[in-house]
Amino acid sequence: MEVPKLEDVIEFLPRTNCQKCGMTCAEFAEFLISGDLSPSDCPVLHEPEWAGYIEALEEILAPLKERASTGMVINADLCNGCGICVSVCEYNTANSESGRLGKGPQWEEKVAIRVVDGVLVLADESLCTRTTQAADKCTKCKDHCPTNAIDYL
Amino acid sequence: MSEKILRSIVCPGCSCLCDDIDIRVSGGSVLQINNVCSWGIGRFVGGKKFAQKKERKRPEGHYISDKKERIAVSVDEACAKAAHIIEKSKRIFIYGLCQCGNRAQARIYEMGKRLNATFIPSEGPLLTLFLKQSVQNGFSLCTLEEVRNRADVVVFWGANPIHSCPRLVSRYAIFARGRFTERGEEDRKAFIVDLQPTELTKLCNEVILKDGNDLALLKAIRKLLKGEKPDNYGTVKPRHARKLAEALNEGLYIAFFCGRGPFYGEEGETFLRELIELVKFLNREKNCVLLPLATDFNTVGFYHVILRNADVDFLKNSVMHDVRSWEPRTGDVIIGLGSDFVWFLSDEQKRAMKEKEVRIVSISSYETLTHVNSSVALSCAMAGIEVEDLCFRLDSIPVKLSAIMEPVFPADWEILEKLDALL
Numbered sequence: 032m033e034v035p036k037l038e039d040v041i042e043f044l045p046r047t048n049c050q051k052c053g054m055t056c057a058e059f060a061e062f063l064i065s066g067d068l069s070p071s072d073c074p075v076l077h078e079p080e081w082a083g084y085i086e087a088l089e090e091i092l093a094p095l096k097e098r099a100s101t102g103m104v105i106n107a108d109l110c111n112g113c114g115i116c117v118s119v120c121e122y123n124t125a126n127s128e129s130g131r132l133g134k135g136p137q138w139e140e141k142v143a144i145r146v147v148d149g150v151l152v153l154a155d156e157s158l159c160t161r162t163t164q165a166a167d168k169c170t171k172c173k174d175h176c177p178t179n180a181i182d183y184l
Numbered sequence: 005m006s007e008k009i010l011r012s013i014v015c016p017g018c019s020c021l022c023d024d025i026d027i028r029v030s031g032g033s034v035l036q037i038n039n040v041c042s043w044g045i046g047r048f049v050g051g052k053k054f055a056q057k058k059e060r061k062r063p064e065g066h067y068i069s070d071k072k073e074r075i076a077v078s079v080d081e082a083c084a085k086a087a088h089i090i091e092k093s094k095r096i097f098i099y100g101l102c103q104c105g106n107r108a109q110a111r112i113y114e115m116g117k118r119l120n121a122t123f124i125p126s127e128g129p130l131l132t133l134f135l136k137q138s139v140q141n142g143f144s145l146c147t148l149e150e151v152r153n154r155a156d157v158v159v160f161w162g163a164n165p166i167h168s169c170p171r172l173v174s175r176y177a178i179f180a181r182g183r184f185t186e187r188g189e190e191d192r193k194a195f196i197v198d199l200q201p202t203e204l205t206k207l208c209n210e211v212i213l214k215d216g217n218d219l220a221l222l223k224a225i226r227k228l229l230k231g232e233k234p235d236n237y238g239t240v241k242p243r244h245a246r247k248l249a250e251a252l253n254e255g256l257y258i259a260f261f262c263g264r265g266p267f268y269g270e271e272g273e274t275f276l277r278e279l280i281e282l283v284k285f286l287n288r289e290k291n292c293v294l295l296p297l298a299t300d301f302n303t304v305g306f307y308h309v310i311l312r313n314a315d316v317d318f319l320k321n322s323v324m325h326d327v328r329s330w331e332p333r334t335g336d337v338i339i340g341l342g343s344d345f346v347w348f349l350s351d352e353q354k355r356a357m358k359e360k361e362v363r364i365v366s367i368s369s370y371e372t373l374t375h376v377n378s379s380v381a382l383s384c385a386m387a388g389i390e391v392e393d394l395c396f397r398l399d400s401i402p403v404k405l406s407a408i409m410e411p412v413f414p415a416d417w418e419i420l421e422k423l424d425a426l427l
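Chains as they are written, first to last, in my numbering: chain Y, 32 to 184; chain X, 5 to 427.
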């Protein structure tokens, strides 16, 4: 899964900075990536000469649909299940006894993330500390991932 | 069919032998595996090593290949044919030995010794040099739990655990919290000495050897530790070498994980001797241990078979370090045990094998290139998945592998017992 880049998204916007949507095209692109706006919110793209651009943008932004509410995107093709993220996760460290000792969390243990079938999965995203942090949100799992399989958008 | 969860199963994926694998099974099939890495999942669900989503084909029976035909036969017929080929051969080579249980290793060791065979372990350079040094000089080992509990400096020398033992860093070496390392990575300094930046360089201090001259760096570190100024740092940046020496000086418990990297050059043996000297030097004032970072799950098991038999001359007389130094001759037979040696041969060796009509007897759980091209293909069950066995973790701790599925084929040691009885 390829996470869309800002410049790829801007390329499919009018790039006129007409402000009809109340912002510049670059700002609009940022809101598209954050998921707060959708391509159809751009009034210009509804004009006949821009036909097909909304569909193209939706295709580019499709991988983001897999993003968790915390903004976490896991690239399963890059993840090798090393479990570093599981052992550095703030919630897991505080709540999983076996996790603190380096072992993987046990079957019944409530944890935010765990490795299942060789790939990292969000076990319970409501437990991720990002959901309770207002600013300076935790990115420990992303920062420690040796294969860059985790991203936050 | 009722589902059940099998807890704390040992994973036969790599020499880390993780014992925290939970598996949900129903009938004979695996539904979900928790805490397993991408290497391990390949073993459990029959996927390829670096691409677990691609299916790794299992053989459907035992075969005898005669010219262009591959005939399915019973295990007894295949063993009889294999015994006939081995008896008629002039030289016998046994390749692999690191991806099978300890019972099969012990059995083939006895058989090979009796037949005067040459052994080529798949992890040859690492296994043989460490074994030789442990007999000649001896070095300090410790358990991985000890590394987790106490090590405050960890050095990966010529090793990339993210590829060889993916969970080693999270379970023991860097991130795990232990008795005296309660803050995990914050209580440790980790270094990686390698030819190029690897995945681990993001998490460790890196020391890059541009020309692979490990020996020059070791000598420079020895001098720095003695308070002398080194004349030569090799191609390493002096500040990187000084940083490593400083950490070794300050550390209270140092663990070296040494991979295959430094042993491919001609100076491999000298390097290991020097590294052992460094470990001994550090051990005068603190604790320092050296662990070979084996990749195959039971490399250390074969090492123990040799040690158990106190066979010091074995390495000198019966072991070839690298399969690439084998020159095929007419009358040669290769017994492949749990490995795909044809994959590792050079084109020249493959051509020579065909010309000299070298025969192959393959004992494998997978339909590998070697298994398909063999004169006799004996298919066996997988140790740790379909049959129980014993194997040794990279720190020499014996671990029992359990069986979680019903086997279709006999175990490798059972096949070897049948073959041995015929020879």
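All residues carry an ideal CB built from backbone N, CA and C; glycine is no exception.
Being a predicted model, the structure only gives us computed values, none of them experimental.
Cβ neighbour criterion (16 or more within 10 Å) applied to residue i
i               : result
K85 of chain X  : buried
Y176 of chain X : buried
T334 of chain X : exposed
L44 of chain Y  : buried
F39 of chain X  : Here the sequence assigns Asn to residue 39 of chain X, which means Phe is not the residue at that position. Burial call: buried.
G114 of chain Y : buried
R183 of chain X : exposed
C159 of chain Y : buried
R11 of chain X  : exposed
K8 of chain X   : exposed
D26 of chain X  : buried
R243 of chain X : exposed
For residue j and residue i, believed in contact at Cβ under 8 Å, the rounded distance
i               : j               : result
L382 of chain X : W347 of chain X : Incorrect: roughly 18 Å between the Cβ atoms, too far for contact.
A194 of chain X : V158 of chain X : 5 Å
C41 of chain X  : G17 of chain X  : 7 Å
A108 of chain X : D416 of chain X : 4 Å
L207 of chain X : H77 of chain Y  : Actually they do not touch by this definition, with Cβ atoms about 48 Å apart.
D156 of chain X : L256 of chain X : 6 Å
T436 of chain X : S168 of chain X : The question about residue 436 of chain X has no answer here: the residues shown for chain X are numbered 5 through 427.
C73 of chain Y  : F59 of chain Y  : 6 Å
K171 of chain Y : C110 of chain Y : Actually they do not touch by this definition, with Cβ atoms about 16 Å apart.
N141 of chain X : R277 of chain X : 7 Å
L427 of chain X : A220 of chain X : 49 Å between Cβ atoms; not a contact.
D199 of chain X : P296 of chain X : A small fix is needed here, since residue 199 of chain X is Leu in this sequence, not Asp. Contact doesn't hold; Cβ gap of about 19 Å is too wide.
For residue i, the nearest candidate out of the options (CA to CA)
i               : options                           : result
S69 of chain X  : X:P411, X:T299 and X:H375         : X:H375
E232 of chain X : X:K241, X:G216, X:E250 and X:D215 : X:E250
W161 of chain X : X:I13, X:L294 and X:S378          : X:L294
P70 of chain Y  : Y:I85, Y:F62, Y:P79 and Y:A57     : Y:I85
G269 of chain X : X:S406, X:L10 and X:L130          : X:L130
S329 of chain X : X:D315, X:L341, X:A314 and X:F345 : X:F345
A143 of chain Y : Y:L95, Y:V117 and Y:I105          : Y:V117
I310 of chain X : X:A387, X:A82, X:V240 and X:G116  : X:G116
D336 of chain X : X:K404, X:R246, X:A220 and X:I98  : X:I98
G44 of chain X  : Y:V104, Y:D148, Y:D182 and Y:D155 : Y:D148
E102 of chain X : X:I96, X:K94 and X:Y113           : For clarity, residue 102 of chain X is Cys in the given sequence; the question names Glu instead. Closest by alpha carbon: X:Y113.
K360 of chain X : X:L35, X:D218, X:R95 and X:L219   : X:R95
C104 of chain X : X:L420, X:L427, X:A425 and X:D424 : X:L420
P35 of chain Y  : Y:A87, Y:D167 and Y:L92           : Y:L92
V139 of chain X : X:K320, X:V380, X:R62 and X:I9    : X:K320
E153 of chain X : X:G128, X:L229 and X:G188         : The question names Glu, yet the displayed sequence has Asn at residue 153 of chain X. Comparing Cα-Cα distances from N153 of chain X to each of X:G128, X:L229 and X:G188, the minimum goes to X:G188.
R171 of chain X : X:D24, X:V197 and X:M324          : X:D24
L151 of chain Y : Y:K168, Y:L132, Y:K96 and Y:T178  : Y:T178
L279 of chain X : X:R11, X:R226 and X:S322          : X:R226
T239 of chain X : X:S366, X:D351 and X:L213         : X:L213
Y67 of chain X  : X:N120, X:E203, X:S366 and X:V380 : X:V380
R363 of chain X : X:K71, X:G263 and X:V403          : X:K71
A259 of chain X : X:F48, X:K358 and X:V283          : X:V283
K354 of chain X : X:S343, X:P332, X:Y370 and X:C146 : X:P332
Identity of the residues DSSP links to residue i by a beta bridge
i               : result
A259 of chain X : X:V158 and X:V293
R328 of chain X : Answer by DSSP bridge pairing: none, since R328 of chain X is not bridged.
M103 of chain Y : Y:Y183
G112 of chain Y : Paired residues: none, contrary to the question.
H66 of chain X  : X:V77
P125 of chain X : X:G100
D4 of chain X   : Past the edges of chain X, shown from 5 to 427, lies residue 4 of chain X, and the structure says nothing about it.
I27 of chain X  : X:L10 and X:I37
V147 of chain Y : Y:V150 and X:N38
Any chain B beta carbon closer than 8 Å to residue i
i               : result
S118 of chain Y : No chain B appears in this structure, whose protein chains are Y and X.
- Item | Contact set between the region 129-158 of chain Y and chain X, restricted to residues whose Cβ is under 8 Å from the partner | S129, R131, L132, G133, K134, G135, P136, Q137, W138, R145, V146, V147, D148, G149 and V150
- Task: Output, in sequence order along the chain, the residues in the region 102-115 of chain Y whose CB is closer than 8 Å to any CB in chain X.
- Result: C110, N111, G112, C113, G114 and I115
- Query: What residues in the region 196-225 of chain X have a beta carbon less than 8 Å from any beta carbon of chain Y?
  - Reply: E203, L204, K206 and L207
- Message: By the 9 Å beta-carbon criterion, what residues does the region 168-184 of chain Y contribute toward chain X?
- Response: D174, H175, C176, P177, T178 and N179
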